[in-house]
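Residue numbers for the sequence shown, in the numbering used here: 5 to 276. Glycine residues also receive a C-beta, built at the ideal position from the N, C-alpha and C atoms. First comes the structure, then the notes that go with it.
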Amino acid sequence: MTAFVEGHLYSRVRDIHEVFGGQRQGGISTPAGQPFVFIFTGKSGAQHGYQDGWRDDGVFLYTGEGQRGDMTFRAGNAAVRDHDHSGKELLMFEALGHGKPVKFVGRFACQSWDTFRGPDSEGKERECIQFHLVRAETALSSEVGTDAGTDTLEPLDVLRKRAFEASKPSQSKTWSNAPQSYRARSKAVRDYVLKRANGVCELTGRTAPFRTRSGEPYLEVHHVRRLSDDGPDDPRWCAAIDPTVHREIHFGVHGEALNEQLVEKLKLIEPR
5 MTAFVEGHLY SRVRDIHEVF GGQRQGGIST PAGQPFVFIF TGKSGAQHGY
55 QDGWRDDGVF LYTGEGQRGD MTFRAGNAAV RDHDHSGKEL LMFEALGHGK
105 PVKFVGRFAC QSWDTFRGPD SEGKERECIQ FHLVRAETAL SSEVGTDAGT
155 DTLEPLDVLR KRAFEASKPS QSKTWSNAPQ SYRARSKAVR DYVLKRANGV
205 CELTGRTAPF RTRSGEPYLE VHHVRRLSDD GPDDPRWCAA IDPTVHREIH
255 FGVHGEALNE QLVEKLKLIE PR
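In structure tokens, the structure reads:
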């Protein structure tokens, strides 16, 4: 596992593709066998009449790939839309110009998407895809506690259905509510995973080490395919585990081995 630092500059070839693989050209790169989807934003879209960028409500509008004809949900566009379902992080870089390094903007989540009419590289009008991206921040604490607001009274099957629905971005004509919807998605997945564990660490099988002031068993939600534990993700890639084990996975010498054990356990808990 590795980490890029926000604001730092990297060589697209040496630091990204020679290390992880993936397409070296274009705006979306999908390295095989890696838990990442790399997206690159810059000023090139302006020549086609559209431009990526931030909106005041904390949403980054990102235009899909495809130079001629209608954009479709194949290859890179599908990878961006389905990155949570695939258990992959969406990492954005800003292209600073030909021959120059790229700047790491941060980790993002595809909350929703829509289409619009725009010109292709030949000037012909076509259907374009626009993704509504939000930062993959810690919208809600990963662990259950007094203020976590976990819906423990809801039946497990109800929470499971809600969690899997939340893991899939949907088409939306507006993006202004994307951050709020993103937090709701995060909560739905977290609530289900904690309820599924029923107070028992899903890696070790041990009971939670203590109860919170609200009486709930204390476990933490871990994302097995990500650099951090932020964001909605997908219940098939999340587990509720003992907090000490959680720290060991992130910082211990045997962390990667423990994480791989958890990946195998999740295949039995949530068959793919």
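Asked: For HIS136, which beta-bridge partners are listed by DSSP?; Found: LEU65, SER116
Asked: Output needed for GLN27: all residues of its chain with C-beta closer than 6 Å, excluding positions within five of it in sequence on either side, in chain order.; Found: SER33
Asked: Hey, quick one: how far does the alpha helix (DSSP H) through GLU268 stretch, first residue to last?; Found: 259–273
Asked: Can you have a look at SER125 and say buried or exposed, based on whether 16 or more other CB atoms are within 10 angstroms of its CB?; Found: exposed
Asked: Is it the case that the Cβ atoms of ALA140 and PHE108 are separated by a distance below 9 Å?; Found: no
Asked: Grab the span of the alpha helix (DSSP H) containing THR248 for me, first residue to last.; Found: 247–255
Asked: Measuring alpha carbon to alpha carbon, tell me which of TRP241, SER171, VAL106, LYS128 ends up nearest LEU270.; Found: TRP241
Asked: Which residue's Cα is closest to the Cα of LEU94: PRO105, GLY80, ILE273, VAL106?; Found: GLY80
Asked: Am I right that GLN175 and TRP117 are in contact with their C-beta atoms under 8 Å? What's the rounded C-beta distance?; Found: 6 Å
Asked: Going by C-alpha to C-alpha distance, which of LEU65, GLN38, GLU129, HIS226 sits closest to PHE135?; Found: LEU65
Asked: When you compare only the Cα positions, how much space is there between LEU272 and CYS132?; Found: 39 Å
Asked: I'd like the list of long-range same chain contacts for TYR222, defined as Cβ closer than 6 Å, with 5 residues on each side in sequence excluded.; Found: ALA212, PHE214, THR216
Asked: What does the alpha-carbon distance come out to for the pair VAL9 and GLY110?; Found: 8 Å
Asked: When you compare the CB of ALA140 with every CB in chain C, is at least one pair closer than 9 Å?; Found: Here chain C cannot be found, since the structure has a single protein chain.
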